[in-house]
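Just add 3 to the spot in the sequence shown (first one is 1) and you have the working numbering.
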Amino acid sequence: MERILFMRFPEGKAKAFTLSYDDGVDLDERLVALFDKHGLKATFNINSGLYAAEDATYPEGEYFRRLPPSRVLALYNKNGHEVATHGSTHPWLEQLSVGSITYEIMKDREALEEQFGCIVRGHAYPFGTYNDTVVEALRACGIVYARTVDSTEKFEMPTDWLRLNPTCHHDNKRVFELIRNFVDAQPARRPKLFYLWGHSFEFEKFNNWERIEKICDAISGKDDVWYANNIEIYEYTRAYESLVWSADMRRVHNPSAKTVWFKLNGTLYSIAPDETLVIE
Ligand SMILES: [Zn+2]
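If you want it as structure tokens, here you go:
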């Protein structure tokens, strides 16, 4: 028997789409409404040490307006979105001592976990900057994936989750071409991931809300795309990777708590939690 094996996402889908938006600013309220209307799932990277005061006001023309804690909780705690760390105070992490890096991450984790009653394991690098010391500190803090700002303009699954390069920013000149290519793709082999990132304040700064509206229209509502937040894709991939195979690959056990899908020699299979599947 051949051994041609590829992961498939839930329901056997070969494509996934995810979003990542940073800084916890008030235009996220309009952005979340747009994502929800289109059934899209996003991860929001939050600086819990920089929340605005509940009664904060901003001068006319200031587009960078952070949310107060009450609006943060009301906004992100629903409809399948994820909150992740972005450093407590948005530092250049690679400029800090290991102790200070750890403090920035753990303080943000602790605050978000207490506020949202969840376990936070994701991160986006403030300013997109990092080095190997930062990566190791994140790992020690229990962070399992961290997003960079280095666009690949590709749809590959991450191989190094703590240096997770997105497909592109929403202002990328090729974004609509990339979406078309992604929507048209019918992957027979490796699954494809489209990972889009940005900041909602940019839509006011550059007066281009219609751009993200067009992006949402173009990417949403596809039966063959799994719309998921970042940690869902990470956890699903880990569950797939935890499958235990016999030497002849005719027997496979799923020790995880998720139903997992894969394509073996051209045939699609699913395996339930704790199931052992015998492949005829
Ligand atoms: Zn940021």
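Glycine included, every Cβ here is placed at the ideal spot set by N, Cα and C.
For residue i, which residues of its own chain have a beta-carbon under 6 Å away from its beta-carbon, when the five flanking residues on both sides are left out?
i: P258; result: S245
i: F38; result: A45
i: G15; result: W264, L271
i: K253; result: The question names Lys, but residue 253 in the sequence shown is Arg. Counting only Cβ-Cβ distances below 6 Å, and skipping sequence neighbours, we find I282.
Taking its Cβ as the centre, do 16 or more other Cβ atoms sit within 10 Å of residue i, making it buried, or is it exposed?
i: S103; result: exposed
i: F251; result: Residue identity check: residue 251 is Asp in the sequence provided, not Phe. The residue in question, D251, is exposed, as its Cβ has fewer than 16 Cβ neighbours within 10 Å.
i: E63; result: exposed
i: V247; result: exposed
i: Y61; result: exposed
i: K176; result: exposed
i: T240; result: buried
i: E3; result: Residue coverage of the chain in this structure runs from 4 to 283, which leaves residue 3 outside it and unanswerable.
i: V255; result: buried
i: E107; result: buried
i: P161; result: buried
i: D187; result: exposed
i: A242; result: buried
i: I7; result: exposed
Pull up the DSSP beta-bridge partners for residue i, would you.
i: E85; result: T46
i: G52; result: None; G52 has no bridge partner.
i: T279; result: H256
i: H172; result: W200
i: I274; result: V263
i: W362; result: The structure shown has nothing for residue 362, since the chain only spans 4 to 283.
i: W248; result: V255
i: A77; result: DSSP, once it has assigned bridges, lists no residue as partnering A77.
i: V228; result: K18
i: Y24; result: F47, G201
i: K2; result: Any property of residue 2 remains undetermined from this structure, which presents the chain solely from 4 to 283.
Taking the Cβ atom as the reference point for each residue, do residue i and residue j lie within a distance shorter than 8 Å?
i: T170; j: C144; result: no
i: N233; j: E85; result: yes
i: P194; j: F20; result: no
i: F185; j: F204; result: no
i: P13; j: W200; result: no
i: G83; j: S223; result: no
i: V152; j: G131; result: yes
i: R11; j: K266; result: yes
i: V123; j: L96; result: no
i: S23; j: A127; result: yes
i: H172; j: I218; result: no
i: G125; j: T92; result: no
i: D227; j: A56; result: no
i: R69; j: Y54; result: yes
i: F179; j: A221; result: yes
i: T155; j: N134; result: no
i: F47; j: D29; result: no
Quick one: what's got a C-beta closer than 7 Å to residue i's C-beta in the same chain, skipping five residues either side?
i: K208; result: Y66
i: V101; result: T136, A140
i: P276; result: N257, S259, A260, K261, T262
Near residue i, which residues of its chain fall below 8 Å by C-beta distance, leaving aside the five closest residues on each side in sequence?
i: F119; result: L76, Y79, N80, V86
i: I49; result: D26, G27, V75, Y79, V86, A87, T88, H89, D111, L115
i: L99; result: E107
Is residue i close to chain B, meaning its C-beta is less than 8 Å from at least one C-beta of that chain?
i: A140; result: Considering every chain present, this structure includes no chain B. It has just one protein chain.
Quiz item: ligand 1: which residues have Cβ under 6 Å from any of its heavy atoms, chain order?
Solution: Every residue whose Cβ sits closer than 6 Å to any heavy atom of ligand 1 is listed here in chain order: D25, D26, H89, H93, P129.
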